[in-house]
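Below is one structure; the comments refer to it alone.
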Amino acid sequence: MSDEPDKNLTTSPLSGFMELLPAEQLAFNRIYDTIRRSYEAFGFIPIDTPVLERAEVLLAKAGGETEKQIYRFRKGDTDLAMRFDLTVPLARYVAEHCGQLVLPFRRYAMGKVYRGERAQAGRFREFYQCDIDVIGDGELDLRFDAEIPSVIHMIFRQLGFERFTIRINNRKIFGGLFRGLGIERQSVGIMQAVDRLEKVGPEAVRKELAEMGLPEPAIGRLFDFVGLGGTCDEIIAGLRKMGIDDGGLAEGISELETVVGAIRQFGVPDANFAVDLTIARGLDYYTGTVYETRLDDYPEIGSVCSGGRYDDLASHYTDRKLPGVGISIGLTRLFDQLYRRGVLKTGGSTTTKALILPMTEDMGHCFRLATRLREAGIATEVSFVSGKMKKRLGYADRLGIPFVVFVGDDEIRKGTYTLKDFREGDQEELTEAELIRKLV
RNA sequence: GUGGCCAUGGUGAAACGGUUAUCACAGCGGGUUGUGGUCCCGCUAUUACGGGUUCGAUUCCCGUUGGCCACCCCA
Numbered sequence: 047m048s049d050e051p052d053k054n055l056t057t058s059p060l061s062g063f064m065e066l067l068p069a070e071q072l073a074f075n076r077i078y079d080t081i082r083r084s085y086e087a088f089g090f091i092p093i094d095t096p097v098l099e100r101a102e103v104l105l106a107k108a109g110g111e112t113e114k115q116i117y118r119f120r121k122g123d124t125d126l127a128m129r130f131d132l133t134v135p136l137a138r139y140v141a142e143h144c145g146q147l148v149l150p151f152r153r154y155a156m157g158k159v160y161r162g163e164r165a166q167a168g169r170f171r172e173f174y175q176c177d178i179d180v181i182g183d184g185e186l187d188l189r190f191d192a193e194i195p196s197v198i199h200m201i202f203r204q205l206g207f208e209r210f211t212i213r214i215n216n217r218k219i220f221g222g223l224f225r226g227l228g229i230e231r232q233s234v235g236i237m238q239a240v241d242r243l244e245k246v247g248p249e250a251v252r253k254e255l256a257e258m259g260l261p262e263p264a265i266g267r268l269f270d271f272v273g274l275g276g277t278c279d280e281i282i283a284g285l286r287k288m289g290i291d292d293g294g295l296a297e298g299i300s301e302l303e304t305v306v307g308a309i310r311q312f313g314v315p316d317a318n319f320a321v322d323l324t325i326a327r328g329l330d331y332y333t334g335t336v337y338e339t340r341l342d343d344y345p346e347i348g349s350v351c352s353g354g355r356y357d358d359l360a361s362h363y364t365d366r367k368l369p370g371v372g373i374s375i376g377l378t379r380l381f382d383q384l385y386r387r388g389v390l391k392t393g394g395s396t397t398t399k400a401l402i403l404p405m406t407e408d409m410g411h412c413f414r415l416a417t418r419l420r421e422a423g424i425a426t427e428v429s430f431v432s433g434k435m436k437k438r439l440g441y442a443d444r445l446g447i448p449f450v451v452f453v454g455d456d457e458i459r460k461g462t463y464t465l466k467d468f469r470e471g472d473q474e475e476l477t478e479a480e481l482i483r484k485l486v
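Going by the working numbering, the first residue of the first sequence is number 47, and it counts up by one from there.
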């Protein structure tokens with residue numbers, strides 16, 4: 047071990063780990079707070095679970111992909127892993143505490159998750175997910191499925207978006223269709239192919255399906271099916287008209303119809319949601335309603351929020367049947383993509399509203415004023431930058447602090463303060479009461 | 001995980017075999033006392049790392065590391 051510190055250590059963060067400058071971080075936190083407030087407005091309860099879990103817990107129902115991507119390591123005799131989403135930890139949490147929880151349990155969680163995959167634009171190895179889920183006891187009303195889009199709607203409105211579409215589908219429809227057409231065996235491959243429809247176009251998908259060995263008539267029917275368009279009601283009517291006889295399909299259609307009706311009752315305008323029979327969602331644990339939300343003006347970002355219903359959340363951890371429905375907002379991706387496109391307004395690089403600039407030896411006077419301003423809810427700091435005025439004011443200027451309060455011996459004698467509005471450039475001499483009234 | 005492209009000050013770029021590697025922005029100092037942002041002057045700072053080819057490498061070749069993009073997967 048060398049005693050000399052290595053001054054040439056790489057200072058960039060690891061690839062796939064987002065790190066922000068102050069103004070960016072503040073913009074990020076504004077989005078975070080907006081999401082949190084909306085979740086709480088619907089009565090969701092905040093729950094925070096550990097970033098590290100026993101590997102066996104996280105991998106209990108993991109498929110191949112998760113297994114490959116999970117960060118896993120040993121510490122002593124313990125086999126540890128970092129959470130790759132917030133849903134699996136929720137399952138463990140609910141199984142552990144269900145005796146003390148009131149069901150249906152409405153919880154939200156906002157935290158970092160980890161996936162060891164190759165980073166790319168909009169694809170991180172460490173990122174924030176903002177989840178809500180409702181967990182029921184044995185059964186869970188379909189109206190909870192409809193409430194989720196209503197939460198999404200509120201969040202994106204609050205974030206300042208008008209043009210976004212919450213796409214809805216039901217996994218039972220796919221399942222029923224595949225059974226009805228006798229192509230159930232290849233269902234996973236078919237859904238993956240259909241998911242690529244928008245990306246590669248119908249011809250490529252048709253070819254891919256043929257290569258999987260699907261008979262031509264079945265492919266035709268499949269395309270009739272995913273080609274169904276129009277309003278939610280037209281699509282649902284179209285589905286019924288296809289005349290495929292399968293109990294699961296009928297159930298899926300009827301659930302979808304119920305959910306669509308309830309979404310309208312929740313007041314989500316038709317402009318902001320749509321039935322889209324092509325969305326399947328990779329994760330195979332969804333068993334009913336599925337969601338995917340896109341910003342209409344930025345379709346290339348892809349889904350910014352997705353989720354769905356699962357029949358049994360915690361089957362690996364408990365015998366109780368706990369159905370749930372939820373969604374996850376990929377906050378890191380959402381922020382990153384919006385920021386790259388310049389659609390986020392960034393303000394100053396500080397939370398300070400008023401900077402007290404002492405021009406007196408009487409620092410106690412300045413500190414007491416600072417305390418009273420803070421108690422009035424005004425974010426305040428006292429400047430200790432010394433030197434020329436140019437430098438002292440330059441500090442406020444560069445951080446974007448909106449107000450500077452000059453405290454000089456003249457003012458102290460008169461019992462006043464000089465308040466300078468940094469954006470307007472003008473200033474006025476005020477009493478303390480006037481100062482507070484002005485800044486609050 | 002598979003494949004392609006790229007690596008120049010803090011940031012974004014220029015030079016693409018040839019004397020002290022250029023420019024802009026940012027940063028620091030100055031343009032005299034209790035008033036910043038614009039303007040003017042000055043300063044600091046760069047060829048990712050290791051090897052090879054060559055009289056000579058930022059430039060060409062190999063390796064390493066890192067970044068970007070596509071696929072896969074997904075938030």
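Quick reminder that beta carbons are idealized off the backbone N, C-alpha and C, glycines included.
Item	Value
Heavy atom of the ligand HEM less than 8 angstroms from the Cβ of Leu268, yes or no?	Questions concerning the ligand HEM fall outside what the structure shown contains, since it holds no ligand whatsoever.
Hey, out of Asp123, Leu104, Gly122, Lys121, whose CA is closest to Lys114's CA?	Leu104
Span of the alpha helix (DSSP H) holding Pro248?	248 to 257
For the putative contact between Cys351 and Ala320, defined by C-beta atoms under 8 angstroms, what is the C-beta separation to the nearest angstrom?	About 14 angstroms; that fails the 8 angstroms criterion.
Cutting at 8 angstroms between CB atoms, please list the residues of its own chain near Arg120, excluding the five before and the five after it.	Leu126
In angstroms with no decimal places, state the Cα-to-Cα distance between Val336 and Val197.	15 angstroms
Tell me whether the segment 376 to 392 and the segment 339 to 356 touch, counting them as touching only if at least three CB pairs, one residue from each stretch, are closer than 8 angstroms.	yes
So the alpha helix (DSSP H) Asp357 belongs to, where does it begin and stop?	Segment: none, Asp357 is in no alpha helix (DSSP H) and carries neither H nor E.
Starting from the C-beta of Val159, find all residues in its chain whose C-beta is less than 7 angstroms away, skip the five residues before and the five after it, and write them out in chain order.	Arg129, Phe130, Asp131, Leu132, Phe173, Gln175
Starting from Thr324 and walking both ways along the beta strand (DSSP E), at which residues does that stretch end?	Note, Thr324: premise wrong, no beta strand (DSSP E); not H, not E.
With DSSP as the reference, label Pro489 as helix, strand or coil.	Residue numbering for the chain in the displayed model covers 47 to 486; residue 489 lies beyond these limits and cannot be assessed.
Could you tell me if Ser48 is buried or exposed, where buried requires 16 or more neighbouring beta carbons within 10 angstroms of its beta carbon?	Summary for Ser48: the model assigns pLDDT 37, below 50, so the residue's position carries little reliability; its value from the coordinates is reported in the next sentence. Result: exposed.
Give the C-beta separation of Met200 and Phe220 to the nearest angstrom, bearing in mind that I take them to be a contact with Cβ-Cβ under 8 angstroms.	Going by Cβ atoms, the distance from Met200 to Phe220 rounds to 29 angstroms, so no, they are not a contact pair.
Leu341 and Arg209: beta carbons closer than 9 angstroms?	yes
Going by the DSSP bridge assignment, what does Gly454 pair with across the sheet?	Met405
Can you tell me which residues form a DSSP beta bridge with Ala308?	Paired residues: none, contrary to the question.
Between the alpha carbons of Ile265 and Lys245, how many angstroms are there, rounded?	18 angstroms
DSSP state of Thr133, grouped into three classes?	helix
Please check the pair Tyr463 and Val451, which I expect to be a contact at CB under 8 angstroms, by giving their CB distance rounded to whole angstroms.	5 angstroms
Considering just the uninterrupted stretch of the beta strand (DSSP E) at Thr56, what are its terminal residues?	That residue, Thr56, is in no beta strand (DSSP E); it is neither H nor E in DSSP.
For the beta strand (DSSP E) that Lys466 lies in, which residues bound it at each end?	463 to 467
Would you mind stating whether Ile281 and Gly226 have Cβ atoms separated by less than 9 angstroms?	no
Do the CB positions of Val140 and Leu415 come within less than 9 angstroms of each other?	no
Can you say whether Lys218 is buried or exposed, counting buried as having 16 or more other CB atoms within 10 angstroms of its CB?	buried
To the nearest angstrom, report how far apart Gly273 and Gly222 are at their CA atoms.	17 angstroms
If distances are taken between C-alpha atoms only, which option among Ala317, Val234, Ala239 comes closest to Gly276?	Ala317
Does the beta-carbon distance from Ser374 to Asp177 come in below 9 angstroms?	yes
Can you name the residues that DSSP bridges to Asp125?	Arg120
Applying the 10 Å Cβ sphere with the 16-neighbour rule, what's the burial state of Pro51?	A caution first: Pro51 carries a pLDDT of 41, below 50, which makes its placement in the model too unreliable to give a value.
In the DSSP output, which residue or residues are listed as bridge partners for Phe151?	Ile181
Which word fits Phe413, buried or exposed, when buried means at least 16 other C-beta atoms lie within 10 angstroms of its C-beta?	exposed
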